[in-house]
Amino acid sequence: MSDSTADTEHDYDPHRIEAAWAPVWDEVKPFSTLDSELDESERARPRKYILDMFPYPSGDLHMGHAEVYALGDVVARYWRQRGFTVLHPIGWDSFGLPAENAAIKRGADPREWTYENIAQQKASMKRYAASFDWDRVLHTSDPEYYRWNQWLFLKMYEKGLAYRKDSWVNWDPVDQTVLANEQVLPDGTSERSGAVVVKKKLTQWYLKITDYADRLLDDLNQLEGSWPSKVLTMQRNWIGRSTGADVDFVIEGHEAPVTVFTTRPDTLFGATFMVVAPDSDLAAELASGSTPEVRMRFQAYLDEVQKKSEIDRQDASREKTGVFLDRYAINPVNGERLPIWAADYVLADYGHGAVMAVPAHDQRDLDFARAFDLPIRMVVDTLAPVTGTIPVITPEMLEEEPPTIDPAATGEALTGDGRMINSGPLDGLSKNNAIKRVIELLEERGTGRAAKTYRLRDWLISRQRYWGTPIPIMYDEDGREIPVPEDQLPVRLPDAAGMDMKPKGTSPLGGVPSWVETTTPEGKPARRDTDTMDTFVDSSWYFLRFLSPGDDSQAFDPREAEKWAPVDQYVGGVEHAILHLLYARFITKVLFDLGYVSFTEPFSALLNQGMVILDGAKMSKSKGNLVYFTEELDQYGVDAVRLTMAFAGPPEDDIDWRDVSVTGSQKFLARAWRLSGEVSSPVDVDFADGDVALRRVTHRFLSEVPALVESFKFNVVVARTMELVNAIRKAVDSGPGAGDPAVREAVEAVAIALSLFAPYTAEDMWHRLGRGDASAGRSGLVAFAGWRKADPTLLVDDQVTAVVQVDGKVRDRLEVSPRVGYDELEALALASEAVQRAIGGREIAQTIVRASKIVSIATKK
1 MSDSTADTEH DYDPHRIEAA WAPVWDEVKP FSTLDSELDE SERARPRKYI
51 LDMFPYPSGD LHMGHAEVYA LGDVVARYWR QRGFTVLHPI GWDSFGLPAE
101 NAAIKRGADP REWTYENIAQ QKASMKRYAA SFDWDRVLHT SDPEYYRWNQ
151 WLFLKMYEKG LAYRKDSWVN WDPVDQTVLA NEQVLPDGTS ERSGAVVVKK
201 KLTQWYLKIT DYADRLLDDL NQLEGSWPSK VLTMQRNWIG RSTGADVDFV
251 IEGHEAPVTV FTTRPDTLFG ATFMVVAPDS DLAAELASGS TPEVRMRFQA
301 YLDEVQKKSE IDRQDASREK TGVFLDRYAI NPVNGERLPI WAADYVLADY
351 GHGAVMAVPA HDQRDLDFAR AFDLPIRMVV DTLAPVTGTI PVITPEMLEE
401 EPPTIDPAAT GEALTGDGRM INSGPLDGLS KNNAIKRVIE LLEERGTGRA
451 AKTYRLRDWL ISRQRYWGTP IPIMYDEDGR EIPVPEDQLP VRLPDAAGMD
501 MKPKGTSPLG GVPSWVETTT PEGKPARRDT DTMDTFVDSS WYFLRFLSPG
551 DDSQAFDPRE AEKWAPVDQY VGGVEHAILH LLYARFITKV LFDLGYVSFT
601 EPFSALLNQG MVILDGAKMS KSKGNLVYFT EELDQYGVDA VRLTMAFAGP
651 PEDDIDWRDV SVTGSQKFLA RAWRLSGEVS SPVDVDFADG DVALRRVTHR
701 FLSEVPALVE SFKFNVVVAR TMELVNAIRK AVDSGPGAGD PAVREAVEAV
751 AIALSLFAPY TAEDMWHRLG RGDASAGRSG LVAFAGWRKA DPTLLVDDQV
801 TAVVQVDGKV RDRLEVSPRV GYDELEALAL ASEAVQRAIG GREIAQTIVR
851 ASKIVSIATK K
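Here the sequence shown is numbered in full-length UniProt numbering, starting from 1 and rising by one per residue.
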């Protein structure tokens, strides 16, 4: 290496250093964790699994990648320095619509486009020097990977967790495919194309994530303190558990009772009508049994509803619309006939698609009742005390006009607590007692029961596109579902050459007869399912495939899962807080139930990084505010960019690239690197013989950094490293000099610390210090030098600085023993010439002494 590093003392050339060390690392493969690459001692060490969310290959890496892979690498490199064997893999989430859309636009094969981008990103990643295990790379679009997607689907199918049904689905009119609920943004648009999502009725495949709703919700308690609270809240809100009762209503002329879920069964006596979702099967069934005129009105209304997004339908300020179905339900608690309406403010997938309307105590029901002149009955007196105390009535109160609280008059529903009225056996009860009592009554009569419902819906995984995992189901001539035998997996995608992949509402695979037409295991004619899986299936378990990337006999080796999993630290953007994380948690629990893993949560700890923005705005080509990743590396060098990412602020905060100084990072690295060439003491020098003052600074640094890294205060670690470099420079220039053993000790500590942030510079410093030996393999690299322990005797200061104030202004600083007494410190302060000048002969009114820290003197005016 003597010829490849800069020999001139002041010649810090980051590009020359990168060119020198990149091939060395390629040869040594320092971060491989395959058993064949680990020696006995490395296999015996404690293990850490550090994982960064893998990228989508839509082009070269961008500045967001630069941030996440810099921060994740700090964590991985830190734990190696702490003596752990660290698994830090990388791969590509390479199926999906962007590749297919890009291929359509360019008239290219999505496979070629995808793998060309992967090659480009891989080259950039290697240049960026993230400590990835390049022996475990995976691509989800490889048949060797998606074979196991299909295997997982079949296992879930066997357990009844994968099923097919007709239903109204979210339809992206631009990408011409269905979307899961989680892929529809709050404004009702597609998170993929930006188009307004509409409803369409299709036969689709679902995974029964709702069977795991309680576990997905309750197990979040395991992650408190190790996942960001914001993410935990988002997950809880998305699952959205509600408790209440299922109430069975008999409908006149309808054979089976209709079950309605309500969180307020105590208000059953106040129900005056029923509302069903117009796009529900129940509404269609009820309308079909009514008059021709009702059927016609209902169909016209349904056509209008289907043009609206769920967000529009849930807008409380919107005028209520609906159509009477000329059908009646019977209230199970009082026998009243309740008219049934179809109205778009009720959603088909909430509860059972029908609600009992209690207009006096629900604002949406009240607005609807007032719009259509329906009865309004109060059953909760919100003015009545709920604690059992009797209010004091004064003569003045008796003369006052009682307040009007009737919702029919005020237009405001009474949603607060109170005492039950107009409710027969519930009268006088408080809300909680009334809920308990009415559930008892319903259960006694067999017309209801305690129940829970969820905002979460089953995971719709069918996609009408080409570039994804084929669903391993075929259909015989009678339309029966036949799972593809495991020994016939993978069901490979056909060649895209000549295929028309333009979105048209059905899968392009349906246009390939040679692929669609197949035979059953018995040799009878069959047709393949032409949909492909949602790509979130691919990323829901990829962390496990990293454990056995080349295994063609199983998805992953359970023994490897016992050694490495779950992931100790997951790093990625908060934009995946619901979709990806929820699905990964679900699949992990399924695999646990199937006996393949021994844990129920995939990611023990989570770090979310912010965004890299420019001038306060998200970077985009359309805004013309892009900062190009490769251009930054070309101009400043890899290490300066990586250090800037860590130093910019807390990881979760956004980084405005306009506010940071990559040049400043480069200059600091040059200062640190130059020190490594100035050290003149031998490698085997005894540090204990060095300057004590500098050694104290170094060992305080060694003591503080671990806790800072483990709490993700990377910017503070960089600041502490800068402070240490300043202390070393002062010692070299005006202290004991470059030959002092303490200087070598401090510079070596800087090199080890910089290996977390600036690996090229750190490796070159280590080599210049005489420590590096690439011929020794990974043990000769700074990445495996090991974090040095702080000497506790050097953490106790022999002297501390005490501040002396006169009338609130600092007038002197005294170097004193940390054990100095009150009287002694006061005498030293008064003996100071600067303090005496500040007092100026005035009488001292008060002196406050806090031993070893401060003396505050106040004089009389």
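For every residue, glycine included, the Cβ atom is placed at its ideal position computed from N, Cα and C. Values in this document were obtained by computation on a predicted structure and should not be read as measured data.
| Query | Result |
| --- | --- |
| Between PRO98, LEU232 and VAL68, which has its C-alpha nearest ILE578's C-alpha? | LEU232 |
| Compute the Euclidean distance between the alpha carbons of ARG850 and VAL800, then round it to the nearest angstrom. | 13 angstroms |
| Assuming ALA617 and TYR570 are in contact, meaning their beta carbons sit under 8 angstroms apart, how far apart are those beta carbons, in whole angstroms? | With a Cβ gap of about 28 angstroms, ALA617 and TYR570 do not count as contacting. |
| Determine which residues share a DSSP beta bridge with MET356 and list them. | MET274 |
| For ALA44 and chain C, any beta-carbon pair shorter than 7 angstroms? | No chain C is present in this structure, which holds just one protein chain. |
| DSSP state of ASP312, grouped into three classes? | helix |
| Below 6 angstroms CB to CB, which residues in the same chain sit around TRP21 once its five sequence neighbours on both sides are set aside? | TYR760 and GLU763 |
| Less than 7 angstroms between the C-beta atoms of MET420 and ALA408, yes or no? | no |
| How is TRP134 classed by DSSP in three states: helix, strand or coil? | coil |
| Would ASP344 be called buried (16 or more neighbouring beta carbons within 10 Å of its own) or exposed? | buried |
| What does the alpha-carbon distance come out to for the pair ALA277 and ALA284? | 9 angstroms |
| Give the DSSP-derived three-state secondary structure of PRO46 in the structure shown. | coil |
| Could you tell me whether the Cβ atoms of ARG463 and ASP529 are closer together than 7 angstroms? | no |
| What do you get for ILE848, buried or exposed, if any count of 16 or more other CB atoms within 10 angstroms of its CB means buried? | exposed |
| Report the residue from ASP740, ALA731 and LEU724 whose alpha carbon sits nearest the alpha carbon of ALA749. | LEU724 |
| Please classify LYS589 as buried or exposed, where buried requires at least 16 other C-beta atoms within 10 Å of its C-beta. | buried |
| Apart from the five residues just before and just after HIS576, which ones in its own chain have a Cβ nearer than 8 angstroms to its Cβ? | MET53 |
| Which full runs of the alpha helix (DSSP H) of 4+ residues lie inside the segment 18 to 97, going along the chain? | 40 to 44 and 63 to 81 |
| Could you tell me whether the segment 440 to 459 touches the segment 197 to 204, where touching means 3 or more Cβ pairs closer than 8 angstroms? | no |
| Express the C-alpha separation of TYR12 and ALA640 in angstroms, rounding to a whole number. | 12 angstroms |
| Who are the Cβ neighbours of SER242 in its own chain at under 6 angstroms, not counting the five residues just before and after it? | THR263 and THR453 |
| Could you tell me the distance, in whole angstroms, from the CA atom of ASP266 to the CA atom of ALA348? | 24 angstroms |
| For the candidate residues ARG465, ASP791, PRO650 and SER620, whose alpha-carbon lies nearest to that of GLU710? | PRO650 |
| If ARG720 sits next to PHE701, beta carbons under 8 angstroms apart, how far is it from one beta carbon to the other, in whole angstroms? | 6 angstroms |
| Below 8 angstroms on the Cβ atoms is my contact criterion, and I expect VAL379 with GLY270 to pass it. Report the Cβ-Cβ distance as a whole number of Å. | 4 angstroms |
| Does THR644 pass the burial test, meaning 16 or more other C-beta atoms within 10 Å, or should it be called exposed? | buried |
| If we ignore side chains and look at the alpha-carbon of each, how far apart do ILE390 and LEU268 end up? | Residue placement at ILE390 cannot be trusted, given a pLDDT of 49 that sits under 50; what the coordinates show is reported in the next sentence. So the two alpha carbons sit approximately 27 angstroms from each other. |
| Given this structure, state the Cα-to-Cα distance separating ARG127 from TYR212, to the nearest angstrom. | 43 angstroms |
| Could you work out which residue in ALA195, ALA751, LEU794 and MET619 is closest to LEU675 when comparing CA atoms only? | ALA751 |
| So, with DSSP's three-state summary, where would you put SER430? | strand |
| Express the C-alpha separation of LEU814 and TYR49 in angstroms, rounding to a whole number. | 49 angstroms |
| With DSSP as the reference, label LEU441 as helix, strand or coil. | helix |
| Just to check my reading of the structure: TRP238 and LEU582 have Cβ atoms closer than 8 angstroms, yes? What is that Cβ distance to the nearest angstrom? | 7 angstroms |
| In the DSSP assignment, what residue or residues form a beta bridge with ARG778? | Paired residue(s): none; ARG778 is not in a bridge. |
| If you follow the alpha helix (DSSP H) that residue 921 is in, where does it begin and where does it stop? | Look at the range of the chain in this structure, 1 to 861, and you will see that residue 921 is not part of it. |
| By a C-beta neighbour count over all protein chains shown, 10 Å radius and 16 as the cutoff for buried, is ARG318 buried or exposed? | exposed |
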